[in-house]
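This note's numbering numbers the first residue of the sequence shown as 1 and each following residue consecutively.
Okay, so here's the structure we're looking at.
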Amino acid sequence: MAKLRQEALALASVRAGHNLSAAQSESDKTIQLVERNASINTHKTVNNGDHKQSTQQATNNLKNLMQDF
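Set out below in structure tokens:
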């Protein structure tokens with residue numbers, strides 16, 4: 001998931017010529033939260049407000065960039 005999201009952000013950056021630092025930052029926060037939760041609760045679903053908010057923001061940023069295509 002992390003690799004796919006990073007590749008999508010990089011592609012959007014190249015195509016749109018936009019600065020993706022905010023979207024990349026949100027994506028990095030999301031991945032860190034997922035990894036932290038995975039290391040603490042290896043058999044439980046990741047389900048917390050920070051993860052949801054960060055994921056939604058990164059997804060919305062990426063959607064906004066891709067609307068031009």
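Backbone N, C-alpha and C fix where the C-beta goes; we use that ideal spot for every residue, glycine too.
Residue i classed as buried or exposed, judged by whether at least 16 other C-beta atoms fall within 10 angstroms
| i | result |
| --- | --- |
| ASN60 | exposed |
| LEU65 | buried |
Residue i (DSSP reduced to helix, strand or coil)
| i | result |
| --- | --- |
| GLN118 | Look at the range of the chain in this structure, 1 to 69, and you will see that residue 118 is not part of it. |
Between the CA atoms of residue j and residue i - distance to the nearest angstrom
| i | j | result |
| --- | --- | --- |
| GLU7 | ILE31 | 14 Å |
| VAL34 | ILE40 | 10 Å |
| GLN67 | GLN56 | 16 Å |
| LEU4 | LYS52 | 18 Å |
| ALA58 | LEU11 | 15 Å |
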